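What follows is a short report on a single structure.
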Amino acid sequence: MKRETWGTQIGFILAVAGSAIGLANIWRFPYMVGKNGGAAFIAIYLLCMLLIGFPVFISEILIGKKTHANPAKAFEKLGGNKWRKAGALTILTGFLVSTFYSAVAGWVLGYLFEALMGSLQFTSTEQASLHFDALTSHPFWGLSFHFLFMAACLSVLYCGVKNGIERANKIMMPALFIILIGLVLKGISLPNSGSALAFLLNPDWTLLTPAAWLAALGHSFFTLSLGQGTMVTYGSYMREKEPVLGSLVPVVLMDTVVSLLATFAIFTIAFSQGVEPGQGPGLIFQTLPVVFNSIPGGAFIAALFFLLVVLAALTSEISAMEPSIAYLMEEKRWGRHSATIAVGAFAFLIGVPSALSTSVLKDSGFNFLEMMDLICNSILIPLGGLLAVIMVGYVWGFKPAYKFLTEEHELKPIVKNYFWFTIKYTAPALIFLVFLNALGIL
Ligand code: PHE
């Protein structure tokens with residue numbers, strides 16, 4: 127059977143951007159900025175992107191493009207049999223992420239319904255929190271939206287790479303950009319938007335604790351969907367003539383711009399009502415609904431906002447599941463349809479305890495969702511990224527990998543040195559730091 131490829135370069139760019147731009151950009155980044163010193167955090171985040179995110183990103187796509195295979199096979203082709211397990215581990219990581227990502231994205235989908243039904247009319251954060259607790263403590267609510275969200279992803283994956291993933295991204299990503307720009311314009315039109323901008327541009331360096339640095343590092347990884355087979359798989363569907371750098375630089379820019387615009391939109395909207403948006407994960411469910419309720423056209427804005435987050439999450443979730451599907455198709459000779467349904471059903475089931483972690487499992491004394499998030503974000507994802515840079519820098523070898531990258535066109539020596547230094551040294555060293563921290567040694 128012939129392996130699928132992307133149909134167009136723009137389709138590839140949008141699919142990779144769709145994977146990268148997700149809950150991390152629109153939900154997590156803004157509250158991290160709020161908590162960790164505004165512009166100061168943005169500055170260190172950009173530095174982390176340069177020193178670790180971008181080199182790992184390039185490495186993973188190169189591994190995929192070179193081998194045209196699922197991550198297990200790709201690592202095996204480049205590094206021999208013993209590397210196969212490393213590739214397989216990254217597939218497992220993507221799968222695990224897809225289980226709890228869907229459970230959390232289910233809440234956002236649930237909130238989209240709430241917004242559409244006009245049920246988000248709160249005058250205080252306490253009210254909004256009570257409503258959030260009431261919804262999330264109901265097992266059926268979490269489960270049914272986890273199911274619906276997963277079903278939506280499967281309907282895309284079922285249609286394949288070009289007709290499913292690429293086509294869906296070509297529709298959803300432009301929609302996402304339009305909604306985001308609409309929200310930014312709304313934010314600017316509100317009173318006090320200047321002070322939101324001032325907060326964002328005014329760095330508070332005292333808030334830059336070591337924890338903030340680690341958060342920025344981890345974020346640069348998660349936001350580019352690294353360490354979990356996703357980018358290796360998406361890279362493996364590239365056609366020979368497609369440029370790597372010419373496609374990935376725009377993706378990193380888009381990913382960063384979306385994070386910044388989402389932050390700007392949320393801050394201007396929140397500041398207009400005198401609310402500080404640094405409270406943490408409750409931001410989009412507890413703080414924003416109150417704010418939306420008090421601005422003109424707020425019900426509509428709320429619906430648009432949750433639609434934006436749902437779109438971002440959908441295009442990310444499908445990319446977390448695709449490596450497992452590619453694996454079953456190529457290594458176990460399954461058809462796409464049966465592979466999609468099997469991966470989806472299994473991911474749904476493993477996601478059930480995460481979806482129930484705020485309801486029936488709440489008092490079990492053990493938060494399954496938090497545990498999954500911790501294992502993936504602190505251990506498995508950095509490990510997957512580390513394996514990818516070691517593969518490119520030392521096993522495949524920097525020289526041949528760089529030669530493969532520059533078959534498109536020559537690059538300036540400074541760019542070569544940048545890749546050499548970051549792939550071989552800074553990225554592995556910084557990922558190592560993340561591990562030491564995860565193990566509690568730092
Ligand atoms: N990059 C996505 C985000 O920013 C998350 C993601 C992780 C997507 C893993 C796919 C795989 O939310």
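In the working numbering, the protein residues as written are 127 to 568. Where is the CB? At the ideal position from N, CA and C, for every residue including glycine. All values reported here derive from a predicted model rather than from experimental measurement.
The shortest C-alpha to C-alpha distance from K161 to any of G408, I189, S480 and M276 is the one to G408.
Listed in chain order, the non-local C-beta contacts of L340 below 7 Å within the same chain comprise V560 and N563, local neighbours out to five positions each way being set aside. Counting only the Cα atoms, I467 lies some 8 Å from Y284. Put simply, of M357, I410, V159 and G133 the residue whose alpha carbon is nearest the alpha carbon of W233 is I410. Scanning its chain for C-beta atoms nearer than 8 Å, with the 5 sequence neighbours on each side dropped, one finds around L188 the residues G361, V370, V518, A527, F530 and L531, in chain order. The Cβ-Cβ distance between L513 and A322 does not fall below 8 Å. Looking at I505, F273 and I501, the one whose alpha-carbon comes closest to that of L482 is F273. At least one heavy atom of the ligand PHE lies closer than 7 Å to the C-beta of L149.
Restricted to the segment 472–506, the alpha helix (DSSP H) segments that are unbroken, complete and at least 4 residues in length are 494–500, listed in chain order. DSSP places G355 in the coil class of the three-state scheme, outside both helix and strand. Here S398 has L316, P317 and N318 as same chain residues with Cβ atoms under 6 Å from its own Cβ, once five neighbours each way along the sequence are excluded.
Here I297 is exposed. Its C-beta has fewer than 16 other C-beta atoms within 10 Å. Contact between F221 and A473 is confirmed by a C-beta separation of about 6 Å, below the 8 Å threshold. For P317, the three-state secondary structure derived from DSSP is coil. Taking the CA atoms as reference points, W132 sits about 24 Å from G510. Q399 carries a coil assignment under DSSP once its states are collapsed to helix, strand and coil.
A146 has its CB nearer than 7 Å to a heavy atom of the ligand PHE.
I557 sits close to P508, with the two beta carbons spaced by under 8 Å.
With a cutoff of 7 Å, F348 counts as near the ligand PHE, since its C-beta is closer than that to a heavy atom of the ligand. R459 is classed as exposed because its beta carbon has fewer than 16 other beta carbons within 10 Å across all chains shown.
Annotation for C174: the continuous alpha helix (DSSP H) segment containing it runs A165 to C174. By the CB criterion at 8 Å, S228 and T441 fall outside the cutoff. Cβ atoms of F167 and A428 stay farther apart than 8 Å, at about 27 Å.
For I476, the CB contacts under 6 Å within the same chain, skipping 5 residues up- and downstream, are T225 in chain order. By the C-beta criterion, the segment 534–549 is judged to be in contact with the segment 176–185, since at least 3 inter-stretch pairs fall below 8 Å. DSSP places L222 inside the alpha helix (DSSP H), whose first and last residues are R210 to L242. When rounded, the separation of the alpha-carbon atoms in I392 and V521 is 44 Å.
The shortest CA-to-CA distance from E366 to any of F266, K192 and V515 is the one to K192. The three-state reading of DSSP puts Y528 in helix, counting H, G and I together.
The DSSP-derived three-state label of D381 is helix.
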